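Working notes, structure below.
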Amino acid sequence: ATAYRRWCKERGVEPISITVPRAQTVSECADALRELLEHEPRPDAIFALTEKIAVTVVQQLGELAISVPRHIRVLSGSDGDRAAQALPPISAIDLHPEEVGAAAVALLYERIEGLDTERPRIIRATLNARESTTGRTGL
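In terms of my numbering, the sequence shown opens at residue -19 and continues consecutively.
Quick look at the structure:
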């Protein structure tokens, strides 16, 4: 959120941000989306923190006859099968949960063994660009 706000400030654009509660039901997502679409100018992109929200947003935009990505681009903050198989496929950030899990197990083992666990573990995320932001099919 900080980078987005900085980007907006550098361009003299007012940031638009709506938070959907953690227990994101379809109706909560739909309500937040309607609120977001009321802003003028209408946003040209939506970042959804989770894959579940991103898929719901794309479905709701379709029901409103708003084309993804022609009218609004959608990016998910986490990746998985639902994002990859959505229509259109949703661009997403792969957080590499298998690697995170392996690092967590190694960290737990080190802690149990009394080893140094204070050093940071860095697992780089990967952007999987798909049709929802690129407009190109078959990526």
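For every residue, glycine included, the Cβ atom is placed at its ideal position computed from N, Cα and C. Here the structure is a predicted model, which is why all the values come from computation and not from measurement.
For the beta strand (DSSP E) that residue i lies in, which residues bound it at each end?
i             : result
threonine 106 : 106 to 108
Please report how far the alpha carbon of residue i lies from the alpha carbon of residue j, in whole angstroms.
i              : j              : result
glycine -8     : tyrosine 89    : 49 Å
glutamate 111  : isoleucine 52  : 12 Å
valine 35      : isoleucine 46  : 14 Å
glutamine 39   : arginine 91    : 44 Å
glycine 83     : serine 56      : First, the amino acid is wrong: residue 83 is alanine here, not glycine. When rounded, the distance between both Cα atoms is 23 Å.
histidine 76   : threonine 97   : 21 Å
glutamine 65   : proline -5     : 30 Å
tyrosine -16   : glutamate 93   : 41 Å
alanine 28     : glutamate 79   : 23 Å
isoleucine 102 : tryptophan -13 : 25 Å
Report the partner residues of residue i according to the DSSP bridge assignment.
i             : result
isoleucine 26 : Val54
Taking a contact to mean a Cβ-Cβ separation below 8 Å, would you say residue i touches residue j in this structure?
i             : j            : result
serine 58     : threonine 30 : yes
threonine -18 : proline 49   : no
aspartate 61  : alanine 105  : no
leucine 16    : proline 23   : yes
isoleucine 33 : glutamine 4  : yes
Starting from residue i and walking both ways along the alpha helix (DSSP H), at which residues does that stretch end?
i            : result
serine 7     : 6 to 17
valine -7    : First-last for valine -7: undefined, no H or E at that position.
glutamate 43 : 31 to 43
aspartate 61 : 61 to 65
Mind pulling the alpha helix (DSSP H) runs of 4 or more residues that sit fully within the stretch 69 to 110?
77 to 92
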